[in-house]
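Residues in the sequence shown are numbered consecutively from 12, following the numbering used here.
Here a beta-carbon is modelled for each residue, glycine too, at the ideal position from N, C-alpha and C.
Model, not experiment: these values are computed from the prediction.
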Amino acid sequence: MPSVTVDVMNVWDERLPEFDNAAIDAKYKGVAGSAMNEAETGVWNRIKALVARFKQADRIVLGVPMWNFAYPYKLKQLIDLVSQRNMLFTFDGERFGPLLKTPRAMVIYTRGQEYREDLPTPPSWKTKPSWAIVAGADRIINPDLERWYYARAHSHTIELEGASHSVYESRPKEVAALIEEAAQKSQN
Ligand SMILES: Cc1cc2nc3c(=O)[nH]c(=O)nc-3n(C[C@H](O)[C@H](O)[C@H](O)COP(=O)(O)O)c2cc1C
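Below you can see the structure in the form of structure tokens.
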């Protein structure tokens, strides 16, 4: 298993700064390199710290639950904050360019609405390869049910003995390694 360091950025715990007047003024002063007042400096330092975590990453995985047909507003707030010229991207007046070293990002979407087999949009698990973890000590979903789901979907499955329902928090290294494997093998 490759050794993985996981930095979890939970948008709900980050106390993301508002994208308010100070943030907007800081953004333009940051690009122009002009002096900022205290409020602008404060928000700009927070933005730089968030950006630094994206820049440090070799891989970025976004886990995104569907909320009201879209992604949660906190994620949009994060995107607004970190999408800064000359930090995560370049713009020369004509072209945009990337500044992250990640070869690709992976986004995992979940939704609460059912995936019935006779829906006009059939569930992807029927035809697309999938990877799955049985959390051996899951007390929210019975591990036998997990095994059944994964067998039905012909998922590449691993089992983590003693792992809780929040397996991504209790066993982040194994989860990250499986995501890495999934990303490698589903490149085509
Ligand atoms: C405020 C809110 C809005 C949501 N809106 C949708 C929605 O529009 N469609 C949907 O399929 N699920 C919706 N959900 C369910 C989430 O997608 C679901 O909670 C997510 O997949 C995570 O699964 P879990 O709650 O079982 O961990 C919503 C959940 C919340 C909290």
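| Item | Value |
| --- | --- |
| Any non-hydrogen atom of ligand 1 closer than 6 Å to R182 Cβ | no |
| Minimum C-alpha distance to V54 - residue among L27, K184 and L130 | L27 |
| Any residue whose CB is nearer than 5 Å to a heavy atom belonging to ligand 1, listed in chain order | P76, M77, W78, N79, F80, T121, R122, G123 and Q124 |
| Range covered by the alpha helix (DSSP H) that runs through A43 | N32 to A43 |
| Nearest-angstrom Cβ-Cβ length linking V75 and V118, presumed shorter than 8 Å | 6 Å |
| Check whether V22 and L86 have beta carbons under 7 Å apart | yes |
| Reduced DSSP secondary structure (H/G/I, E/B, other) of R64 | helix |
| Stretch-stretch touch, CB-based, cutoff 8 Å, three pairs: the region 106 to 120 with the region 60 to 69 | yes |
| For R96 and A148, the rounded distance between their alpha carbons | 45 Å |
| CB contact flag (V178, I152, <7 Å) | no |
| Any C-beta of chain B under 7 Å from that of R163 | No chain B appears in the structure shown, which is made up of a single protein chain. |
| Through-space distance from K38 to N32, alpha-carbon basis | 10 Å |
| Per-residue burial, A46 [other beta carbons within 10 Å of its own, 16 or more giving buried] | exposed |
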